[in-house]
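Enquirer: Before I ask anything, let me first share the structure, which is written out below as structure tokens.
Protein chains: 2
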Amino acid sequence: MDLSEEDLLSAIARVLSGAGPEVVVGVGDDAAVVAPGAGQLVLTTDAMVEGTHFSLATTSARDLGHKAIVVNVSDIAAMAASPRFALCALTLSDSVDAAWTIELLGGMREACNEYALWLVGGNLAAGPQVSVAVTVTGEVAPGRAVKRSGARPGDRIVVTGSLGGSAAGLRVAHRGGPLKEGDRPLLEAHFRPVARVGEAAVLSQNEATAMIDVSDGLSLDLSRVCVAAGVGARIRMADIPVAAGATLEEALGGGEDYELLATLPDAEAVTRASVEIKQSFGVALTDIGEIVEGAAVIVTDGASERALEPTGWDHFAAPS
Amino acid sequence: MDLSEEDLLSAIARVLSGAGPEVVVGVGDDAAVVAPGAGQLVLTTDAMVEGTHFSLATTSARDLGHKAIVVNVSDIAAMAASPRFALCALTLSDSVDAAWTIELLGGMREACNEYALWLVGGNLAAGPQVSVAVTVTGEVAPGRAVKRSGARPGDRIVVTGSLGGSAAGLRVAHRGGPLKEGDRPLLEAHFRPVARVGEAAVLSQNEATAMIDVSDGLSLDLSRVCVAAGVGARIRMADIPVAAGATLEEALGGGEDYELLATLPDAEAVTRASVEIKQSFGVALTDIGEIVEGAAVIVTDGASERALEPTGWDHFAAPS
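Sequence order for the protein chains is V and U. Numbered according to the working numbering, the first sequence spans residues 26 to 345. Numbered according to the working numbering, the second sequence spans residues 26 to 345.
Here it is in structure tokens:
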């Protein structure tokens, strides 16, 4: 590192200046102090680790900072809550310098501006690999958080946007070479994912019984909803919204799409939510099947059907 | 790792079960949901990184988990706030297994029990090194947070407990061999530090104008208070409470003691706080000097005096 910790902390405080009246004590003291919310407090944390979630060779500092915030905002959205404050525990290696770090924080601030939250604190450490551990707090009206466990037999299963784009984007980045037709949206999906905060609010208003963000792939995340609720699911292969340029396998198991997977009580709720999400955000909402009794997740494909294995992004899976 | 991520998450949920009525949604959903506090929300994050803050060879999983919580609780205490909830973003390497991880979480839960906070969420990732990034939230009555910037010329400078014990404990651990007389308290100071939550409340009640926890050494942390407040300080070398078995250098620059450094308006406040802290917690409070005009931190030693360099734990210092 080309700056001392004190110098870097000063630089960071400058990048992060501009906090609003809700921030009583911001970056630079032992802890941040912020105004309490009116509702319940929502808390989540997620880390991006070099070599596991990103490589310095293919990921820009700005995209990394942006994504580190967005993946946490997505978890807040999946509870139907609003994001409010962010903190970051940053581990920096000798591979990065002060300019890279300021860019990273610039990306974080950009994402915080987009989703209207404040970056109020952080911590710096040195280590052998870069790691960006972010915590985001949110707020939700008492009793209005949408959990995974509320899905009931008969509920419709819906998903926002399209799936597999992030995994396909990573494949494009690894392929290298000149960009082809259709590559750019896939790269955007991987490096600049979008958290569905407004869409989650619409789903909640339309009586969503369960919600999760698709961070580890449709198969695994749908199975998590089913396990939490003690139910099964039947989804139609043909209706899975596979991103243009992605494969079905990438849509089922790729992960990192940060779309919302939700269950709604009936077809009317799906129609209402679908129209409102399309009108307000230009985003599709697709009905892919229904919650059923039992524990299996079944995929139907015309006449045949098969059980969907809950596979997806497992951080601890042995390399195959 | 000898368990899949899903299996490990299930094991973790079992270790962390037992959350109270304040926890609306605990571990296992996209985010935790907790009851809001009555006061302002206090937020801090701090990471412990393998190779930088600990080595797997000398640190037990249980001590590591315990300390990862305590260092964050210490930051909450330094604002004169009460800790309430904790989150952990855990990065695990191939060097550790499920049993180690459960022990780590056991140490976290132990610390959470000691300081009356709930571990409500977390995240697991694989990486080349173990890293434990913890976020702790706290609560403080509106306007009652004690910042670093409030120190005024004429204020007394006090410190709780003794300094240098943690650095001396690390030295003892690296030395290895059989334990000698006096080693054990030093090892405790390093591996099982104590956060001064109750002591901070007493200092706040006695009109503390500024407070910081001594995480990076007295020299650096006192200079941070002086910079934040735009003042200088004069401290008496002979009055610095050096831990038995530690050197003066370890007390000034070793760090990780997690004692409180505070400024109080006058000698009467020091006496009152000192008596109360000794009676309630059996901990000494030592007057080591006073805040003065200017910007320098001066150490006096009988007739002579010298400027104290703000050196201490700098994560990005070039190895000397």
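Beta carbons: idealized from backbone N, C-alpha and C, even for Gly. A quick note: this is a predicted structure, and the numbers were derived from the prediction, not measured.
Using a Cβ-Cβ cutoff of 7 Å, what residues of the segment 125-159 of chain V are near chain U? List them in chain order.
Expert: So the list reads VAL145, GLY146, GLY147, ASN148, LEU149, ALA150, ALA151, GLY152, PRO153, GLN154, SER156, ALA158, given in the order they occur along the chain.
Enquirer: Take the Cβ of V:ASN148 as the centre, count every other Cβ of all protein chains shown within 10 Å, and call the residue buried at 16 or more, exposed below.
Expert: Residue numbering aside, residue 148 of chain V sits at position 123 when the first sequence is read from its first letter. When all chains shown are included, V:ASN148 counts as buried.
Enquirer: Which residues bound the alpha helix (DSSP H) around U:MET133?
Expert: Taking the second sequence and counting its residues from 1, the one referred to as residue 133 of chain U is at position 108. Its alpha helix (DSSP H) spans residues 123-139.
Enquirer: So which of V:ILE94, V:GLY270, V:ASP264 has the shortest CA-CA distance to V:THR325?
Expert: Stepping through the first sequence from its first residue, residue 325 of chain V is reached at position 300. The candidate whose alpha carbon is nearest that of V:THR325 is V:ASP264.
Enquirer: Quick one: which chain V residues come within Cβ less than 7 Å of U:GLN65?
Expert: Residue 65 of chain U sits at position 40 when you count from the first residue of the second sequence. Per Cβ cutoff of 7 Å: VAL49, VAL58, VAL59, ALA60, PRO61.
Enquirer: Please report how far the alpha carbon of U:SER107 lies from the alpha carbon of U:GLU293, in whole angstroms.
Expert: By 1-based counting over the second sequence, the position of residue 107 of chain U is 82. By 1-based counting over the second sequence, the position of residue 293 of chain U is 268. Going from the Cα of U:SER107 to the Cα of U:GLU293 covers about 26 Å.
Enquirer: Can you check whether the CB of V:GLU275 is closer than 8 Å to the CB of V:ALA193?
Expert: On the first sequence, position 168 is the one that residue 193 of chain V refers to. On the first sequence, position 250 is the one that residue 275 of chain V refers to. Cβ distance < 8 Å, so V:ALA193 and V:GLU275 count as in contact.
Enquirer: Quick check on DSSP: helix, strand or coil for V:ASP32?
Expert: Numbered from its first residue, the first sequence carries residue 32 of chain V at position 7. Of the three classes helix, strand and coil, the one that applies to V:ASP32 here is helix, per DSSP.
Enquirer: So, at 7 Å on beta carbons, what are the nonlocal neighbours of V:VAL58 in its own chain, with the 5 sequence-adjacent residues on each side left out?
Expert: Position 33 of the first sequence holds residue 58 of chain V. Excluding residues within five positions, the ones whose Cβ falls inside 7 Å are VAL49, VAL50.
Enquirer: Would you decide whether U:LYS92 is buried or exposed? Buried here means 16 or more other CB atoms lie within 10 Å of its CB.
Expert: Counted from its first residue, the second sequence places residue 92 of chain U at position 67. Counting Cβ neighbours within 10 Å, U:LYS92 comes out buried, since at least 16 surround it.
Enquirer: Assuming U:LEU117 contacts U:VAL155 (C-beta within less than 8 Å), just tell me the rounded distance between them.
Expert: Position 92 of the second sequence, counted from the start, is the residue given in the question as residue 117 of chain U. Position 130 of the second sequence, counted from the start, is the residue given in the question as residue 155 of chain U. Rounded, the Cβ-Cβ distance is 6 Å, consistent with contact.
Enquirer: Can you look up V:PRO335 in the DSSP assignment and give me helix, strand or coil?
Expert: Along the first sequence, one-based indexing puts residue 335 of chain V at 310. DSSP places V:PRO335 in coil when its eight states are reduced to three.
Enquirer: Could you list which residues in chain U have their beta carbon closer than 8 Å to that of V:THR162, in chain order?
Expert: Against the first sequence, residue 162 of chain V aligns to sequence position 137. Chain U residues near V:THR162: LEU66, LEU68, THR162.
Enquirer: What in chain U is Cβ-close to V:GLY7, meaning under 7 Å?
Expert: The shown model of chain V, from 26 to 345, leaves out residue 7 of chain V, and the question about it has no answer.
Enquirer: So U:ALA56 and V:LEU68 are in contact, right, with Cβ under 8 Å, and what is the actual spacing, rounded?
Expert: As a working note, residue 56 of chain U is residue 31 in the second sequence. As a working note, residue 68 of chain V is residue 43 in the first sequence. At roughly 6 Å, the Cβ-Cβ gap stays under 8 Å, so U:ALA56 and V:LEU68 are in contact.
Enquirer: Is DSSP giving U:ILE37 helix, strand or coil here?
Expert: As a first step, residue 37 of chain U is located in the second sequence; it is residue number 12 there, counting from the start. Here U:ILE37 sits in helix by DSSP.
Enquirer: Can you give me the Cβ contacts of U:GLY62 inside the same chain, cut-off strictly under 6 Å, excluding the 5 residues immediately before and after it?
Expert: Walking along the second sequence from the start, residue 62 of chain U turns up at place 37. Around U:GLY62: GLU164.
Enquirer: Kindly say whether V:VAL74, judged by its beta-carbon, lies nearer than 8 Å to any beta-carbon of chain C.
Expert: Among the chains of the structure shown, chain C does not appear; the protein chains present are V and U.
Enquirer: Counting C-beta neighbours from all protein chains within 10 Å, is the total for U:LEU25 16 or more, i.e. buried, or is it exposed?
Expert: No statement about residue 25 of chain U is possible, as the shown extent of chain U runs from 26 to 345 and does not include it.
Enquirer: Could you check the C-alpha separation between V:ILE237 and U:GLY90 for me, to the nearest Å?
Expert: In the first sequence, residue 237 of chain V corresponds to position 212, counting from 1. In the second sequence, residue 90 of chain U corresponds to position 65, counting from 1. Roughly 29 Å between the two C-alpha positions.
Enquirer: Run through the DSSP bridge pairs and tell me what V:THR160 is partnered with.
Expert: Translated into positions along the first sequence, residue 160 of chain V becomes position 135. DSSP lists V:THR70, V:LEU112 as partners of V:THR160.
Enquirer: For the segment 278-301 of chain U, list every residue whose C-beta sits within 8 Å of some C-beta in chain V, in sequence order.
Expert: Listed in sequence order: no entries.
Enquirer: Between V:ASP54 and chain U, is any beta-carbon pair separated by less than 8 Å?
Expert: Along the first sequence, one-based indexing puts residue 54 of chain V at 29. Taking Cβ atoms only, chain U reaches closer than 8 Å to V:ASP54, which makes this a yes.
Enquirer: Is the shortest distance between the beta-carbon of V:ASP312 and the beta-carbons of chain U less than 8 Å?
Expert: In the first sequence, counting from the first residue as 1, residue 312 of chain V sits at position 287. Closer than 8 Å: no.
Enquirer: Just how far apart, CA to CA, sit U:LEU41 and U:THR272?
Expert: One-based indexing of the second sequence puts residue 41 of chain U at position 16. One-based indexing of the second sequence puts residue 272 of chain U at position 247. Taking the straight line from one Cα to the other gives about 40 Å.
Enquirer: Given V:MET262, which residues of its chain have a CB within under 8 Å of its CB, disregarding the five upstream and five downstream residues?
Expert: Within the first sequence, residue 262 of chain V is the residue found at index 237, counting from 1. Hits under 8 Å: LEU273, VAL324, THR325, ASP326.
Enquirer: Using a beta-carbon distance below 8 Å, is U:ILE37 in contact with chain V?
Expert: Taking the first residue of the second sequence as position 1, residue 37 of chain U is located at position 12. Not closer than 8 Å to any Cβ of chain V, the Cβ of U:ILE37 fails to qualify, so no.
Enquirer: Identify whether U:MET236 lies in helix, strand or coil by the three-state DSSP scheme.
Expert: Within the second sequence, residue 236 of chain U is the residue found at index 211, counting from 1. Here U:MET236 sits in strand by DSSP.
Enquirer: According to DSSP, is U:SER118 part of a helix, a strand, or is it coil?
Expert: Along the second sequence, one-based indexing puts residue 118 of chain U at 93. Of the three classes helix, strand and coil, the one that applies to U:SER118 here is coil, per DSSP.
Enquirer: Mapping the DSSP letters down to three states, classify U:ASN148 as helix, strand or coil.
Expert: The residue labelled residue 148 of chain U in the question sits at position 123 within the second sequence. Three-state DSSP puts U:ASN148 in a strand.
Enquirer: State the CB to CB distance for the pair U:GLY223 and U:PHE306, rounded to an integer number of angstroms; the pair is presumed to be in contact (CB under 8 Å).
Expert: Within the second sequence, numbered from 1, the residue matching residue 223 of chain U stands at position 198. Within the second sequence, numbered from 1, the residue matching residue 306 of chain U stands at position 281. U:GLY223 to U:PHE306, Cβ: 6 Å. Contact.
Enquirer: V:THR116 CB to nearest chain U CB: under 8 Å?
Expert: Sequence index remark: in the first sequence, residue 116 of chain V carries index 91 (1-based). Interface residue, yes.
Enquirer: Drop a sphere of 10 angstroms on the beta-carbon of U:ASN138, count the other beta-carbons inside from all chains shown, and report buried for 16 or more, exposed for fewer.
Expert: Reading the second sequence from its first residue, position 113 is the one you call residue 138 of chain U. U:ASN138 is exposed by the Cβ-count criterion.
Enquirer: Any idea what DSSP makes of U:ILE265, helix, strand or coil?
Expert: On the second sequence, position 240 is the one that residue 265 of chain U refers to. In the structure shown, U:ILE265 sits in coil (DSSP, three-state: anything other than H, G, I, E or B).
Enquirer: Just by C-beta distance, which residues in the segment 97-108 of chain U are closer than 9 Å to chain V?
Expert: Taking 9 Å as the Cβ-Cβ cut-off against chain V, the residues of the segment 97-108 of chain U that qualify are ASN97, SER99, ASP100, ILE101, ALA102, ALA103, MET104, ALA106.
Enquirer: If you count every other CB in all the chains shown that lies within 10 Å of the CB of U:ARG181, and 16 or more means buried, which is it?
Expert: Within the second sequence, residue 181 of chain U is the residue found at index 156, counting from 1. It is buried - the Cβ of U:ARG181 has at least 16 other Cβ atoms within 10 Å.
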